[in-house]
Each structure stands twice: as C-alpha cells, then as structure tokens.
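Number of protein chains: 2
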Amino acid sequence: MRKAERLNEIVHYLRRMHQAVTAQTLALVFEVSQRTIYRDIQDLIDTGVPILGEAGVGYLIDKKYHLPPVMFDADELEAIALGIGMVGNWTDKHFAKKAQSAYRKIQATLPDTLINELHQISTFSAPSHYKIPWEVSFSEVRECIRRKQLVKFTYLDLNEQLTVRIIRPLALISFSPVWLLAGWCELRKDFRNFRLDRIAKFEKLERRFTHEKDKSLTTYLKRVNEQEETRFKGNDCKELDSN
Amino acid sequence: MRKAERLNEIVHYLRRMHQAVTAQTLALVFEVSQRTIYRDIQDLIDTGVPILGEAGVGYLIDKKYHLPPVMFDADELEAIALGIGMVGNWTDKHFAKKAQSAYRKIQATLPDTLINELHQISTFSAPSHYKIPWEVSFSEVRECIRRKQLVKFTYLDLNEQLTVRIIRPLALISFSPVWLLAGWCELRKDFRNFRLDRIAKFEKLERRFTHEKDKSLTTYLKRVNEQEETRFKGNDCKELDSN
DNA sequence: TTGACTACTGACAGCTAATGTCAGTAGTGT
DNA sequence: ACACTACTGACATTAGCTGTCAGTAGTCAA
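So the protein sequences, as listed, match chains A and B. Numbering that gives the first Met the number 0 puts the first sequence at residues 0 to 242. Numbering that gives the first Met the number 0 puts the second sequence at residues 0 to 242.
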C-alpha cells in the first residue's frame, strides 16, 4: 500500500508546487531513495499522468490533470475537528471563528454516511487552565504580518529587562502555553522570538518593509531547522525567549 | 505496479457502470481473487473514494462526493493549517498522519488563487518541550472508544496512589500539556478522568459495553458543563485528576 | 569549455507487502 | 428458508518494491 499512496501524493505534491521539483526533493519529502522516485515517476507517466521531466531542472505536472473524486474518512474528520477545537482554545476569538466557519463549510459537503461519524467524535480539546494570557491583539499582529508592516513594542525579557523593539513581524508560533512572535529585529539585526504575553505598548508603524531574502521567514525557518538538528533535546522553553 | 494501477481502474470501472457491480465481477475483470478485490475496495475507501458496498447487491460509486466545491478564504485556510499542525504536535503519529492527509485533500481542491495563500501562511504550531509523554498508544485508546471495548489499567493518581481500574472509555480530551482519558469507572460507579501519562499496564478487555444513557459521553459532557458554570476560574489542572 | 546539477537506466540482493486459499460471520432480497 | 452478497481473519507463498552502486546524458550558468 505504501507505493500506491505515494504515487497519489506525488501527483498532489507536484500539483501544488508551481515550480519544478527535483527528484532529490521528492526523495526527501517521501523518505525514499531517489531511485524509487525515478521509478515512481516512470510509473505515473506510464499510466498517463502528464509529468514533464527535464535534466538540470526537475519535474513539472500539467495542472489540467483530472483527479478522482475523494472524501474524508472518519479519522480525517476527527483530526480536523480536533484541530479546529485546538485553534479555538489557543488563539483569539476572531481566529476561532474563522476555524469554525471553515469547519461548517466542510460539514456542509459531507454525505449522510459521514455526518453520522461526526456524532461519534470522541477526541476533544478543552480550554486549558495553563493558558497564559497576552495583551496584544492576536489578529492585529497577524494583520501586520500579512501587510508587512513594521511594529514597535516594549518587551520584558526573562531577565526582567525592559527594551523597546522595532521588528519586522514574520510569524506567530504556538509554543504550547505561550505564543511567540517571530521577527527580524531591527535593533539586534537578527531574528528574534518574543513571547506575546511579555509584549506591551504594541503599536503598528506606518512604515512597511519589503521582502529581503536574508530577513525572511523562509530563511528563519531554515536556520531553526538546522539548529534543531545539531542539538540534543531536553531543553526547556526558556531558550526560545529573546534578548 | 499491478495494485496501484488496479485501484485506479476499479474507480474508473465503477464510474462507468451505472449499476451495482459485485466483487466477483471485479475479480473476473481484473483477474485477481475476490479476496484481493475486497482488500482493494477497503484501501480505496480508506483513501476517501466514496464507494458504497451492500451485501446481496454489490458496489456503487457515488459521483456526487467530490470534495468541497467550497471556497475557503485566506483566514480559514490559515486556521485549518494551524489546527492540523497542532494535532500533529499533540497527538501520536497515526493521528498526525490522518490530519496531514485531510489537509492535503483540502489543498488538492483549491483553485490556483488560493494556493498562493498557502505560501503566505504565517501562523504555526511548534512541537512543545512542555509536552508530557505518555506510554499508552493514543490510537489504541481511540480504537477502544470506537469499538466500545472495556479497558483495564493501573493508575497513579496525584497522591501517588496506585489503583487498578476497569473503565468504559468515552473520550480523549486534550488539556494542554496532558491528555485525559474520560470514562465511566466501573470501580467508582461514576465518571472519571485519567491522565494518559499516569496510565500503565494498559490492556483491552474482551468484553464490550453497550450504550447506557447515564454512562454515556453526552451525559458526562452535560455534567461537566454544569460544573463549569457554577465555579470560578483559576483552578489548575489538579482538579481534573481522578481518584 | 568547464563544472555543478539534474534526469534517467541497469543490475542485484534483501525484504516488504501483495496475493490466493480456506473458513467463517453477517446483511439483503426473494 | 434460501441464494447471493459483503466482509474479516489467518497463513504460506511469492511477486514486486526498495536501496545501493555505478554509469550515461542533458541543461544551465559562469
């Protein structure tokens, strides 16, 4: 069953990438050897999937390729419902509402057989008492990220030092009881994380910033991944705090 | 390669036929045993293809069940993605996989305009260092809930007392760093919560239980809600532990 | 032109997962 | 009651999937 699944996934993967994808990338994503990817691609082409391979470039799929009808299974529904619930418990009202409306849209398309499954869902998320409250508006921060708008705030670091920061907001990261705002700090000229619950006097600045590769989210995530790989586990949350 | 191809062909075959097709027919057409057909159909259903099987009749595919002809907006997509991420970080591998595959199915139906939004998602969930590990298999517990199968285990309560419990498992509840198994305790003749990380020697019993209203999840949830309303906030997790 | 990067092929050993057989349970329609 | 069907479990066999290694050839940029 592994192969059949993978073939499907490869098609989906290629469809949602807009650029060429190399066999090496696919091999990493699907955790198989490149040789296997080459065989898979060949099999897909043999069965009529319009994949184009070019040496030195990678693979491209013709978007027009038509996919078979698909539905969620019971487990997938349960996973989605749980995810929606967690979002509701860990973000703000606005975001929770969006999660709910997405969920309703999904429900609306379900056939009767699956609606019954919904009533049997037995995995929930409860609002946690461990939740650490924050002052800044979650949705406001998200808006600044979207609009590439510089933000300014005072930050109380774990050494209880107060500093004023101006940063390019890049992402909000849920780190269990706390939320982190990841950004490029204009003061330190480097990436930094800030705990939402330690941010005060949050304000949007008029100034927007433009995409710069070495100050982008992609670069940041890449760096974090590299760090993860080269250190042992068992650290606590403190290390993620900024200074 | 035979199987992957056959799975595709079966879908197309069922779509062409407008009446029910028996497993025997499929077995003849594809020159495999009926047993293999049954397995294939199961695999297809597992991946979300809406095939309906009826004893005495045969198989039908429902063409209506194309996935959400639904338009999500950018926020909804972000909320779903975040939820899926949280599920991945807080449950087990099996469940996380299901969440992922659901997400991919949603992605597969998105029009190009929305696919661009996916690349701009900036709200994530990081695997938490606060996560408290548990011994029992998350998926195994879920299976017992589904199958209404009694379970037995030893439980270490917060007073460090060890007891052996036999319960009707009703639901898994995420309570931030810990997961709780909610159930009807056959020993105490009442509803109880058990922290997954304090459960040991988990075993499924042969005996199944039948639905009894006053021992059901619905009743339990109703009771919890009533309790919530009549007490103040600020309690910590201890109260949810059982004894 | 060179060098880096890529697609692609063949061979082979090891092993995973697909398959058929058999035997049984349970639902459907006549 | 009966024929017909979907569906499940166990088990031995083997087909085919996989990784590794080694090599050819196309693409692109400097």
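Even for Gly, the Cβ is constructed at its ideal location relative to N, Cα and C.
Exercise. Note down the Cα distance separating Leu-326 (chain A) from Pro-176 (chain A), rounded to an integer number of angstroms.
Key: Absent from the model: residue 326 (chain A). The displayed extent of chain A is 0 to 242, so no value can be given.
Exercise. Buried or exposed for Ala-54 (chain A), please, with buried defined as at least 16 other CB atoms from any protein chain shown within 10 angstroms of its CB.
Key: exposed
Exercise. Quick one: list the residues of chain B neighbouring Pro-67 (chain A), beta-carbon separation under 7 angstroms, in chain order.
Key: Val-10 and Val-48
Quiz item: Out of curiosity, what's the CA-to-CA distance linking Lys-310 (chain B) and Leu-186 (chain A)?
Solution: Only positions 0 to 242 of chain B appear in the structure, and residue 310 (chain B) is not among them; the question remains open.
Quiz item: In this structure, what does DSSP give as the bridge partners for Cys-184 (chain B)?
Solution: B:Ile-166 and B:Asp-189
Quiz item: Would Asp-196 (chain A) count as contacting chain B if we go by Cβ distances under 9 angstroms?
Solution: no
Exercise. Report yes if the C-beta of Ile-44 (chain B) is less than 8 angstroms from at least one heavy atom of the ligand FMN; otherwise report no.
Key: The ligand FMN is not part of the structure shown, which contains no ligands of any sort.
Exercise. Could you tell me which uninterrupted beta strand (DSSP E) segments, each at least 3 residues in length, are contained entirely in the segment 83–142 of chain B, listed from first to last along the chain?
Key: 122–124
Self-check item: Under 8 angstroms by beta carbon: chain A residues contacting Phe-71 (chain B)
Solution: Ala-101 and Lys-104
Quiz item: Roughly how many angstroms separate the alpha carbons of Arg-38 (chain A) and Val-48 (chain A), rounded to a whole number?
Solution: 14 angstroms
Quiz item: What are the boundary residues of the alpha helix (DSSP H) that Arg-15 (chain B) is part of?
Solution: 1–15
Self-check item: For Val-150 (chain A), the first and last residue of its enclosing beta strand (DSSP E)
Solution: 148–155
Quiz prompt | Contact check, Lys-92 (chain A) vs Arg-14 (chain A), beta carbons under 9 angstroms | solution = no
Self-check item: Any C-beta of chain B under 9 angstroms from that of Asn-7 (chain A)
Solution: yes
Quiz item: With C-beta atoms as the reference, is Val-90 (chain A) less than 9 angstroms away from Leu-81 (chain B)?
Solution: A small fix is needed here, since residue 90 (chain A) is Thr in this sequence, not Val. Against a cut-off of 9 angstroms, the Cβ pair of Leu-81 (chain B) and Thr-90 (chain A) comes out as a contact.
Quiz item: Buried or exposed: which applies to Leu-204 (chain A), given that a residue is buried once 16 or more other Cβ atoms fall within 10 Å of its Cβ?
Solution: exposed
Quiz item: By a C-beta neighbour count over all protein chains shown, 10 Å radius and 16 as the cutoff for buried, is Asp-45 (chain B) buried or exposed?
Solution: exposed
Quiz item: Around the C-beta of Thr-153 (chain A), are 16 or more other C-beta atoms found within 10 angstroms, so that it is buried, or is it exposed?
Solution: exposed
Self-check item: Top-ranked residue by Cα proximity to Glu-8 (chain A), from B:Arg-164, B:Gln-99, B:Asp-196 and B:Arg-222
Solution: B:Gln-99
Quiz item: Mind checking Thr-217 (chain B): buried by the 16 CB within 10 Å criterion, or exposed?
Solution: exposed
Exercise. Measure the beta-carbon distance from Arg-194 (chain A) to Leu-179 (chain A) and round it to whole angstroms, keeping in mind my assumption that it falls under 8 angstroms.
Key: 6 angstroms
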